[in-house]
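Student: Residues 52 to 239 (our numbering) are what the sequence shown spells out, left to right.
Where is the CB? At the ideal position from N, CA and C, for every residue including glycine.
Since this is a predicted model, take the numbers as computed values, not measurements.
First the structure, then my questions, so here it is.
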Amino acid sequence: MCFINGLLFVTILIEKSLRKRKEMIVMSGMALADFILGSGAFLLGTYRVCVSVTGHENESATNWECARLPPIILINMGLQMTAVMNLVVSIDRLTSVKWPVKYQSFSAKYIKRLIAPVWLFFAASLSAMLLSSYINDPPATQTLMCLGGPFKLWYSRFQFLFIIAVEYVSVIIYIQVFVLYKKLLGNF
C-alpha cells in the first residue's frame, strides 16, 4: 500500500492540473504521510531480517545508533504525519461543508497555507526526536535489532499523547462535519 501512495503522490506532483485542485493537494499530503510510514515499516522489517540472518541480533548498540536509522526516523515521523494530515483533511472537510460558497472560491494557496505549518512542526519534531537520543546517551542499552524505543522517555510520551490528541480532535471535527452535513440535507 505504501508504494501505491508513493505513486499517487508522484502523480499529483507531476500533473499540473492535479496540483491546482485543493482536494488533490490534501490527498497528496496524506499519500506522502502514508508512504513515509509504510516505507519506514518495510525498511525496518527488512533491516531486522538482515540483522537476524547475519547473526548480529545480540550485538550491543547505543540509543543514538538506533535512533539515526532511516527506518526508525521514517516510522516515527510517519506516525505523526498521518495523524496531522488526518487533522488537515478534517479541517478542510469542515471548511467545505460549513462555508461551501466561500470554499469554492479558495485557490490551491489555501491548502498550501494549511499544510505549511505542518512541515514546520515536523522539522521541529524531527530535531527534538534526534536530539533526545543524542544528548546524554548511555553507552550501550540496546541490541542491533533496536526493539526498544531509542528515544528519551519525555519524547516517547510526547509523541504518544500528541498522536492521540490530534486524532481525537480530528474525530471531533468530523462529528461537526457530519452534523452540519445532515442539517444541510434536512435530515437532522
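Check whether the Cβ atoms of residue 13 and residue 159 sit closer than 8 Å, and answer yes or no.
Tutor: The shown model of the chain, from 52 to 239, leaves out residue 13, and the question about it has no answer.
Student: Kindly indicate the opening and closing residues of the alpha helix (DSSP H) around residue 114.
Tutor: 114-118
Student: From the DSSP secondary-structure annotation, give me the bridge partner or partners of residue 97.
Tutor: Note: residue 97 sits in no beta bridge, so no partner.
Student: Looking at the unbroken alpha helix (DSSP H) that takes in residue 68, where does it start and where does it end?
Tutor: That run of the alpha helix (DSSP H) goes 67-70.
Student: Whose C-beta lies closer than 7 Å to the C-beta of residue 214 among residues of the same chain, with five residues either side of it excluded?
Tutor: 130, 131 and 134
Student: Looking at the ligand COA, does it come within less than 7 Å of residue 234, judged from the CB to the closest heavy atom?
Tutor: Although the ligand COA was asked about, the structure shown includes no ligands whatsoever.
Student: If you draw a straight line from the alpha carbon of residue 72 to that of residue 66, how long is it in whole angstroms?
Tutor: 11 Å
Student: Residue 106 to residue 121, Cα distance in whole Å?
Tutor: Taking the Cα positions, residue 106 is about 21 Å away from residue 121.
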